[in-house]
Amino acid sequence: MTKRVLFLISDTGGGHRAGAQAVGAALDEIDGATRFEWRIDDIATHCTFPLSKLGPAYSAALRYAPPIYGALYYATNGRRRYKTIVRFCEPLYRERLRDVFTQYQPDVIVSVHPLLNHAALRARADAGMQHVPIVTVITDLGRVHEGWLLPEADLTVVPAREVYQRAIERGVPPERLRLLGHPIHPRFEDVSGSKAEYRKKLGLPEKATIALLMAGGEGGGKLLPTTLGLAKAGLDFHLVVVTGRNAALKAKLEELAPSLPTPMTVLGFRHDVPELMRAADLLVTKAGPGTIAEASVAEVPVVVYDYVPGQERGNLDYVRTNGIGVVALSTAEVVSSVRRIVHNQERLATMRSQQTAIAPRGSSRRIAELIAEIAKTGRRPTIPAAG
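895 is the number of the first residue of the sequence shown in our numbering; add one for each residue after it.
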């Protein structure tokens, strides 16, 4: 028997697709008589203008006008305001999304994007598929956007207690909530070697203190000034910088590296990030919720140096509140913060213990098991609401 799972995303940032891929990978691991087929659909590609340009518009806004994007985020983050946006956008996607449902015939629909929850509900009705459950998997932290919180969804999976409480406040019934952690790829759980083993494998110095710098798959934002600030600070450590798909930045840093006082390894896009995190003593990163969750599993304290206005603001509060790192939003603050903590073993150990306490162990596998059960039975399981 085969059951179909349809993941709805929009490629506005990499986190939504990464979350869907993580759960999909966990679905592939499930043994038994039932086979699970899954597909990720970027719904914007089915829409008419302007929603069809949502991904490029998002990237352009973050590159050239982050404050404007933040203002739009807050302007839509209210119950009445969001309903107005939904009414305006509905004609642009409703018919196309209905066609996606009827063509694929999923056994469960999983929304991994805040703008697609209401859309999925209406398109499901249009397709006459009310019997197909809709599950929302939230991939943000803190006080998440109004669009994530749909009381009518059959089930909502939340990544943290702060989000669970926010959902309750916004009227999501407790029996429709599951606190299962952020969906990170199962391979982050499966790395079991020692720090020394991974350093040897990656060609990194075994005895040095290592700071790992990242900025997401595109390697943009403040990565260059942050790298140069740390590399010129004269701190006694080794920098590992992951530039992602930003080949120009990689070439620039490789050219500059020999003239900088701090030893530095420059890497491009990598598939071994779980091992890199295990090899590091400290992670300096933007405030992507997936990266923060991955760091907690890897037990590597974080210094957050950048964030997407509005969307990732709650992630800063999450880092501070849970004591898993520090927030430093200028190059000078990053250097000062790293200087204070990088050789403070007691403070690093405290941050690691906090990460152990909140790490989303087995999150994607638990979410996959839940979705698999819903796909097979056609209804949400009757288990304790916060379980």
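For glycine and all other residues, C-beta sits at the position ideal for the given N, C-alpha and C. Predicted model, so just to flag it, every value in this text is computed and none were measured.
Who are the Cβ neighbours of residue i in its own chain at under 6 Å, not counting the five residues just before and after it?
i	result
residue 1261	917, 1051, 1074, 1077
residue 1168	1081, 1082, 1085
residue 1279	Its pLDDT being 44, under 50, residue 1279 is placed unreliably by the model, and the measurement read from it follows with that caveat. 1068, 1069, 1071, listed in sequence order.
residue 1267	1275
residue 1157	1132
residue 1205	967
Which residues in the same chain as residue i place their Cβ atom closer than 7 Å to its Cβ, once the five residues preceding and following it in sequence are excluded?
i	result
residue 1028	1003, 1005, 1014, 1015, 1018, 1047, 1048
residue 1123	1225, 1228, 1229
residue 976	970, 1040, 1041
residue 1020	988, 992
residue 1287	Only positions 895 to 1281 of the chain appear in the structure, and residue 1287 is not among them; the question remains open.
residue 1211	1036
Which residue or residues does DSSP assign as beta-bridge partners of residue i?
i	result
residue 1219	1196
residue 1005	902, 1030
residue 932	899
residue 1049	1029
residue 1135	1107, 1160
What first and last residue would you give for the beta strand (DSSP E) that runs through residue i?
i	result
residue 994	That residue, residue 994, is in no beta strand (DSSP E); its alpha helix (DSSP H) goes 973-998.
residue 1264	Residue 1264 -> not in any beta strand (DSSP E); alpha helix (DSSP H) instead, spanning 1257-1271.
When you compare the CB of residue i with every CB in chain B, is at least one pair closer than 7 Å?
i	result
residue 967	No chain B is present in this structure, which holds just one protein chain.
Going along the chain, which residues of its own chain have a beta-carbon closer than 8 Å to the beta-carbon of residue i, five neighbours each way excluded?
i	result
residue 1058	1052, 1071, 1073, 1280
residue 1147	1118, 1121, 1135, 1137, 1158, 1160
residue 895	927, 928, 929
residue 994	900, 935, 937, 940, 1017
How far does the alpha helix (DSSP H) with residue i in it reach, from first residue to last?
i	result
residue 1252	1239-1252
residue 914	909-923
residue 1331	The structure shown has nothing for residue 1331, since the chain only spans 895 to 1281.
residue 1039	No alpha helix (DSSP H) contains residue 1039, which DSSP labels as neither H nor E.
residue 1015	1011-1020
*Does the segment 980-990 touch the segment 1010-1021, meaning 3 or more C-beta pairs lie closer than 8 Å?*
yes
*Could you pull out every unbroken alpha helix (DSSP H) segment of at least 4 residues lying fully inside the segment 1058-1132, listed in chain order?*
1081-1084, 1089-1096, 1117-1125
*Touching or not, the segment 1122-1140 and the segment 1102-1114, by the rule of three or more beta carbon pairs under 8 Å?*
yes
_Three or more C-beta pairs under 8 Å: does that hold for the segment 1193-1207 against the segment 1242-1255?_
yes
*Which ranges would you report for the beta strand (DSSP E) in the segment 1141-1185 if only whole runs of at least 3 residues count?*
1158-1161, 1176-1180
*Specify whether the segment 1089-1099 and the segment 1111-1119 touch according to this definition: at least 3 beta carbon pairs, one from each stretch, less than 8 Å apart.*
no
*Can at least three beta-carbon pairs, one atom from the segment 1020-1027 and one from the segment 993-1002, be found at a separation below 8 Å?*
yes
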